[in-house]
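And the structure:
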């Protein structure tokens, strides 16, 4: 129920993001979802890709500072309020979300929300007990 996310530390300068995407495309790695947070000097690019292990290796080989992080990906009804109840269930137990991002799958019936929490093993049963569908890595990587 955990999904591998590739996190890349990037200098905030022209062309760095393009270099990442070029390296991945040359290895036929497809970006499924991304989030980019930046400051004046650097950024953190978080990616869900179809082949996280290969992405991690080729990015390291090309001089990028990169690491793998476990995140949770859940299916959320793509409608107003679809996310609110899920977040409330985590809040009720004091589970803090460090960051999150979302995308809509090919069917457009459900959104996919990816999030990172401090204790992923605590969050998973809470989500399951509230009927939240957790997606597997294979479902996300190939969606």
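Residue numbers (the numbering used here): 25 to 167.
Every residue, glycine too, gets a C-beta built ideally from N, C-alpha and C.
At a threshold of 7 Å, does residue i count as lining the ligand PLP (C-beta to nearest heavy atom)?
| i | result |
| --- | --- |
| residue 86 | With respect to the ligand PLP, the structure shown offers nothing to examine, as it has no ligands at all. |
Quick check: what's the CA-CA separation for residue i versus residue j?
| i | j | result |
| --- | --- | --- |
| residue 65 | residue 81 | 25 Å |
| residue 145 | residue 37 | 37 Å |
| residue 63 | residue 39 | 16 Å |
| residue 42 | residue 124 | 23 Å |
| residue 83 | residue 109 | 37 Å |
| residue 126 | residue 161 | 15 Å |
| residue 89 | residue 53 | 18 Å |
| residue 13 | residue 116 | In the structure as shown, the chain begins at 25 and stops at 167. Residue 13 is therefore absent and cannot be evaluated. |
Report the CB separation of residue i from residue j in whole angstroms; it is logged as a contact under 8 Å.
| i | j | result |
| --- | --- | --- |
| residue 29 | residue 93 | 5 Å |
| residue 91 | residue 49 | Not confirmed; about 21 Å, so no contact. |
| residue 147 | residue 114 | 6 Å |
| residue 44 | residue 138 | Contact flag wrong, Cβ pair sits at about 18 Å. |
| residue 122 | residue 140 | 5 Å |
Residues bridged to residue i by DSSP?
| i | result |
| --- | --- |
| residue 99 | 136 and 157 |
| residue 124 | 139 |
| residue 70 | 31 and 59 |
| residue 90 | 32 |
| residue 26 | 96 |
Could you check whether residue j and residue i sit closer than 8 Å to each other, using their CB atoms as the reference points?
| i | j | result |
| --- | --- | --- |
| residue 96 | residue 158 | yes |
| residue 51 | residue 78 | yes |
| residue 47 | residue 86 | yes |
| residue 99 | residue 136 | yes |
| residue 150 | residue 119 | yes |
Residues in its own chain within less than 7 Å of residue i by CB, not counting five upstream and five downstream?
| i | result |
| --- | --- |
| residue 101 | 134 |
| residue 33 | 66, 68 and 89 |
Please work out which residues of its chain come closer than 6 Å, Cβ to Cβ, to residue i, disregarding the five sequence neighbours upstream and downstream, and give them in chain order.
| i | result |
| --- | --- |
| residue 71 | 30, 55 and 58 |
| residue 61 | 68 |
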